[in-house]
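Student: Have a look at this one before I ask anything.
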Amino acid sequence: MLSTQENWPKAKIAFAAYFLLALLQWPSSYLIIHVSLSLGVVLNEWVFLAGMSLLIAWKSKSRLSLLFPFRPVKKNNFLLLLVMTFSMVVLVDYLLFLSEKILPPDPAVKATLEQLMTIHSFGDGLWRWFLICLSPAFCEELFFRGFLQNTLAHRWKVNGAMLFAAISFALIHGVPQYLHLYFLLGLYLSWLFKVGGNLWFPMVAHLINNSWTFLTFIFDKKIPTGGIWHSTDSLVMGIAVLVFAIAASRFGREIQMEN
Numbered sequence: 002m003l004s005t006q007e008n009w010p011k012a013k014i015a016f017a018a019y020f021l022l023a024l025l026q027w028p029s030s031y032l033i034i035h036v037s038l039s040l041g042v043v044l045n046e047w048v049f050l051a052g053m054s055l056l057i058a059w060k061s062k063s064r065l066s067l068l069f070p071f072r073p074v075k076k077n078n079f080l081l082l083l084v085m086t087f088s089m090v091v092l093v094d095y096l097l098f099l100s101e102k103i104l105p106p107d108p109a110v111k112a113t114l115e116q117l118m119t120i121h122s123f124g125d126g127l128w129r130w131f132l133i134c135l136s137p138a139f140c141e142e143l144f145f146r147g148f149l150q151n152t153l154a155h156r157w158k159v160n161g162a163m164l165f166a167a168i169s170f171a172l173i174h175g176v177p178q179y180l181h182l183y184f185l186l187g188l189y190l191s192w193l194f195k196v197g198g199n200l201w202f203p204m205v206a207h208l209i210n211n212s213w214t215f216l217t218f219i220f221d222k223k224i225p226t227g228g229i230w231h232s233t234d235s236l237v238m239g240i241a242v243l244v245f246a247i248a249a250s251r252f253g254r255e256i257q258m259e260n
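Going by my numbering, the letters in the sequence shown line up with residues 2 to 260, in that order.
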């Protein structure tokens, strides 16, 4: 339960911060695509997202350990997190394939993704992994789950804050065609934080999702294999859903036992 004796940012400050962040996506996107990937990502993720979160926490005199809770993760919970997240990314890949069959991707969006994730050397690959995978996993979770969801959970009901954080996360990515997939991912990350109360959970899950997308692009590995739906894919998709549901139920019980 959130402490009522602590200083928490006000809800209107959280909304204003999100609105400002949304406006800043235009110059950030321009920098990333047309000027410098490094400059654009560092500004957007580390200055705008992480920096704004920490600045508001400092100005609100909030206790960082409550607004941004990081605690040790037990081995069993970490293993369950891995099982849930890998099941989730497989499911999202299948849903992405089906979505693009219904509504083919915008060539401009595809071209931009190829531009951002094409690597030229091992060192370049590591740097792009840091920019595209690690930076968003840390900075976006600090803002959306730590600052936004935690602030609103204190001011509102916890489920309402979880839902708002998931919707906000989806909208900020600015790709209408994939809005439902970003929402699904955001809802999973928000649920992890709600249940676990620990930012390591959504951060690690977010990092796995980003790294999976990055690596499957680099090595040209697709789900379904070859971009063609086989009879076994329905079975694999069903297994992914079942495994996720079992692991999520077990994860919730493990956290309850800890508390």
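Every residue, glycine too, gets a C-beta built ideally from N, C-alpha and C. Bear in mind the structure is a predicted one, so any value in this text is a computation, not a measurement.
By the DSSP assignment, the alpha helix (DSSP H) with Val-74 in it spans what residues?
Tutor: Careful: Val-74 lies outside any alpha helix (DSSP H) and carries neither H nor E.
Student: Take Glu-255 and list the residues in its own chain whose beta-carbon comes closer than 8 Å to its own, dropping the five residues that flank it on each side.
Tutor: Closer than 8 Å at the Cβ level, and outside the excluded window around Glu-255, lie Lys-75, Asn-77, Asn-78 and Leu-81.
Student: Hey, would you say Phe-49 sits closer than 7 Å to Leu-25, going by beta carbons?
Tutor: The answer is yes: Cβ separation under 7 Å.
Student: Can you tell me which of the three DSSP states Pro-105 falls into?
Tutor: Coil.
Student: Are Ile-120 and Phe-215 touching if we call contact CB-CB under 7 Å?
Tutor: No, the pair does not count as a contact, with Cβ atoms beyond the cut-off.
Student: Assign Gln-116 to buried or exposed, taking buried as 16 or more other Cβ atoms, counted over all protein chains shown, within 10 Å of its Cβ.
Tutor: By the neighbour-count rule (16 or more Cβ atoms within 10 Å), Gln-116 is not buried but exposed.
Student: Beta-carbon separation of Ala-248 and Met-89 under 7 Å?
Tutor: Taking 7 Å as the Cβ cut-off, Ala-248 and Met-89 do not qualify as a contacting pair.
Student: Under a three-way DSSP split, which group does Ile-240 fall into?
Tutor: Ile-240 falls in the helix class under three-state DSSP.
Student: Just tell me which of Ser-212, Ser-169, Val-159 and Leu-135 has its CA closest to the CA of Phe-194.
Tutor: Checking every option, the nearest Cα to that of Phe-194 belongs to Val-159.
Student: Please list, in chain order, all residues of the same chain as Glu-7 whose beta carbon is under 8 Å from its beta carbon, the five residues on each side excluded.
Tutor: If we look at Glu-7 and ignore the five residues flanking it on each side, its Cβ neighbours are Ser-63, Arg-64 and Leu-67.
Student: Decide if the stretch 142 to 152 is in contact with the stretch 43 to 61; the criterion is three or more beta carbon pairs, one per stretch, under 8 Å apart.
Tutor: With a cut-off of 8 Å, the stretch 43 to 61 and the stretch 142 to 152 count as touching, because enough Cβ pairs lie within range.
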